[in-house]
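Engineer: Here my numbering = 1-based position in the first sequence + 48.
Yeah, the Cβ is synthetic: ideal placement off N, Cα and C, and Gly gets one too.
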Amino acid sequence: MGKLRVQSTRPPDAAAASLHLAALLQSCGRAGDIRRGRALHAHLLLSGAAIASTFLANHLITMYSHCTDADSAVRVFSAVPRPNHVSWTTLISGLAQNSMHRDALAAFAAMRRADVSPTQFALSSAARAAAALSAPRPGAQLHCVGVRIGFDTDLFVASSLAGMYSKCGLLDEACRVFDQMPQKDAVAWTSMIDGYAKNGSLKAAAVAFRDMKCEGLVAADQHVFCSALSASGGLKDGWLGRSLHCCIIKAGFELESVVRNALVDMYAKSGDLENASRAVKIDPGGWNVVSGTSLIDGYIETDCVEEALETYTELQRQGVEPNEFTFSSMIKGCAMQALLEQGSQLHTHVIKKSLIRDSFVVSTLVDMYGKCGLASLSINLFNETEYPTEIAWNAVINVYAQHGHGREAIQAFDSMTSSGIRPNHITFVSLLTACSHAGLVDEGLNYFYSMKDKHGIEPKEEHYSCIIDMYARAGRLDEAEQFISEMPIEPNAYGWCSLLRACWMQGNKELGQVAAQNLMKLEPHNTGIHVSLSGIYASLGQWEDVKAVRKLMRDSRIKKMPGFSWVDCNKKTHVFGSEDWSHPQQEQIYKKLEELSERIKEEGYVPDTSSLPLNIEDSAKERLLRYHSERIAVAFALISMPATKPIIVKKNLRICVDCHSALKLICKVESRDIIVRDNSRFHHFVKGRCSCGDYW
DNA sequence: TTAGGGTTAG
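(1) Helix or strand or just coil, what does DSSP make of Lys620?
(2) Straight-line CA distance for Ser305 to Asp331?
(3) Kindly identify the DSSP beta-bridge partner or partners of His133.
(4) Which residue or residues does DSSP assign as beta-bridge partners of Ile505?
(5) If you count every other CB in all the chains shown that lies within 10 Å of the CB of Ser719, and 16 or more means buried, which is it?
(6) For Phe301, which of helix, strand or coil comes out of DSSP?
(7) Looking at C-beta atoms only, is the number of pairs between the stretch 710-724 and the stretch 675-684 that lie closer than 8 angstroms three or more?
(8) Beta-carbon separation of Lys639 and Leu686 under 8 angstroms?
(9) I need the boundaries of the alpha helix (DSSP H) containing Phe199, first residue and last residue.
(10) Between the C-alpha atoms of Ala423 and Tyr244, what's the straight-line distance to the nearest angstrom?
(11) Tell me the DSSP secondary structure of Gly625 in three-state form.
(12) Between which two residues does the beta strand (DSSP E) harbouring Ile723 extend?
(13) Output needed for Ser546: all residues of its chain with C-beta closer than 6 angstroms, excluding positions within five of it in sequence on either side, in chain order.
(14) Assign Gly319 to one of two classes, buried (16 or more other C-beta atoms within 10 Å of its C-beta) or exposed (fewer than that).
(15) Is the CB-CB distance between Ile348 and Met384 below 8 angstroms?
(16) Below 8 angstroms, can you find three or more Cβ-Cβ pairs linking the stretch 492-511 to the stretch 466-476?
(17) In chain order, what residues of the same chain have a beta carbon less than 6 angstroms from the beta carbon of Asn566, not counting five sequence neighbours either side?
(18) With 16 as the cutoff for other CB atoms within 10 Å, does Met609 come out buried or exposed?
(19) Could you pull the DSSP bridge partners for Val734 from this structure?
(20) Relative to the C-alpha of Ile241, which candidate in Leu488, Val225, Asp628, Phe273 has its C-alpha closest?
(21) To which residues does DSSP link Ile695 through a beta bridge?
(22) Should the stretch 727-734 be called in touch with the stretch 687-704, which here means at least 3 C-beta pairs below 8 angstroms?
(23) For Leu321, which of Gly248, Cys294, Gly281, Leu303 has the nearest alpha-carbon?
(24) What does DSSP give as the partner residue(s) for Phe612 in the beta ladder?
(25) If you count every other CB in all the chains shown that lies within 10 Å of the CB of Asn556, and 16 or more means buried, which is it?
(26) Comparing C-alpha positions only, which one of Cys740, Pro370, Lys599 sits nearest to His485?
(27) Who are the near neighbours of Thr138 in its chain, counting only those whose CB is closer than 6 angstroms to its CB and skipping five residues on each side?
(28) Look up Leu422 in the DSSP assignment and say whether it is helix, strand or coil.
(29) Compute the distance between the beta-carbons of Ile379 and Thr412, then report whether it is under 8 angstroms.
(30) Under a Cβ-count criterion, where at least 16 other Cβ atoms within 10 Å of its own Cβ denotes burial, should Lys419 be classed as buried or exposed?
(31) Determine the DSSP secondary structure at Ala62, reduced to helix, strand or coil.
(32) Check whether the stretch 585-594 touches the stretch 614-633, counting contact only when three or more Cβ pairs, one atom from each stretch, lie closer than 8 angstroms.
(33) Please state whether DSSP places Thr359 in a helix, a strand or coil.
(34) Compute the Euclidean distance between the alpha carbons of Ala564 and Asp351, then round it to the nearest angstrom.
(35) Cα separation between Lys284 and Ile344?
(36) Grouping DSSP H, G and I as helix and E and B as strand, with all else coil, what is Lys284?
Structural data, given as structure tokens:
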């Protein structure tokens, strides 16, 4: 068809014919019609004289680039005898458009070696390639070239340079380029707003948006609003988000797909799930995968996994196929709640949809199986990953950490670094946790100090808290105290909590009181602080102090939350309270608990009543401990679930020290893996041991 | 004939 049309409409002279062919090539490029483009190319080759024209060759390069056939574009360029500046620019831009960023930068260098002076077109395309590669060095070289030839303040060059610097995390440089621009348009503003937002300078992003509005020279377009919404979501600033929403409605962008997706995400990240849900549903074209996934993620981030599961079902009912983002969010939700069955089903769907190679998806699966107690399955899945990324390495190191395999975590860390993957601050949280749980204090300290010295990573509060936890678990309270006194920042709640528990275990009243006071400042409603404090006093027999803590709790209207444990069995959730005999199978459960009690005593179990700050007989305390909700849940699971399945129990409070000891022995005598996810962490009981050691 | 910006994940 294309060939016939060319022949039938051929204009009378050669110049006009060239223009006509160029217009046809342009239309093919715009339409992405490579079949017709190739027919035109064949026609040019046959017509001999025309192919010698650099003008038409340049059009061919553009056409192939727009049709995403960069190889053909390069072949055409290579055949041009004397490529001019447009040929070079077209090639560089075509390579950048087709994500061949290294080739684009190499073409820019080759153009300079060929003594062809760069145009503003070539500079902006090459800067885009440097931005995509996060390569500030070649980017800065491009900036120098721009300054030398006077294009550095050109609207296109400057906005792409500002974008390049901000994508490389160099906000000061980006700002300098931006400020020197004689005029700015919406693209330039978007580069800056987005640059701030993506680099975590969320307030600066919001200020830039306000500045743009105050200047009143440029109207915000869809892209500007998307970047501003992204910053607003990160700030969790509902007021700013709602103001942006009003501006968007006024500007008439509310129903634009990308803007609505950004709106949903903003509301979801701000925790306003009602408005997020409303924004998803106003789509006249039905749901879409991006906004649906943002809503799911919003529910998961606010611990509403049930609603996330419902939204996932609704998304599919609306005919929308979940993508890799949806799966990684959903699997994360299953990991948080230790929902092994739903997580395994999602794994099957991931395989069916060929998304198992996606780094985020595989990492969340590794994490999910780890949190559901299936460490070997998790590690096998990681080992099958051909090119594990930093995220996947972090996931597997964390699995080792959570399962108490400190040496294996260290080995994984060494393999990660020797394979050329750079660790980040998350890697070190997992690695230090692994050292802490396994009692590897010297190794943990070495890694902690190597963070800054060897890897250039400034330790944050979570890393400092890992070291406090490490000393606390090892019973080295003096060193923990010394470490805290030398810290450049205050410990966070996790750090004080670790210290408080260790003080309870060792009966260290003075340090325990310091930890409790600091923890109360950070978490005034944490009832666990009072429980721990009274535990310390009770362990020392100081019953008057126990009474004083109870009075303080009464006066402050702090009530200890009743403990509940629940277990999923045969697609049904069974909930148990302490001394709760309301379950239909109560007789069998009671019988099993009595049997377990005898068997673990034979294994050396001695009740630890220190967690009960009550001045009552030990035999009465023993009875209370025996019927704690987690033990009832485990007994129920043992008589109800197939022996091949791990037992996963969830508890709303922290597991007590006695249940911790008892469950270690129950898992041993029953040869069953037991996982207890309490309100603080996962405890994996395997072969008579717990992943967190003796420190519950 | 050739150019720059945007929305979902650990």
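Structural biologist: Taking the geometry as given:
(1) strand
(2) 8 angstroms
(3) Answer is none; His133 lacks a bridge partner.
(4) Paired residue(s): none; Ile505 is not in a bridge.
(5) exposed
(6) coil
(7) yes
(8) no
(9) Note, Phe199: premise wrong, no alpha helix (DSSP H); not H, not E.
(10) 39 angstroms
(11) strand
(12) 722-725
(13) Ile516, Asp517, Ala520
(14) exposed
(15) yes
(16) yes
(17) Trp544
(18) exposed
(19) Arg737
(20) Phe273
(21) Ile722
(22) yes
(23) Gly281
(24) Gly625
(25) buried
(26) Cys740
(27) Asn106, Ile109, Thr110
(28) coil
(29) yes
(30) buried
(31) helix
(32) no
(33) helix
(34) 27 angstroms
(35) 17 angstroms
(36) coil
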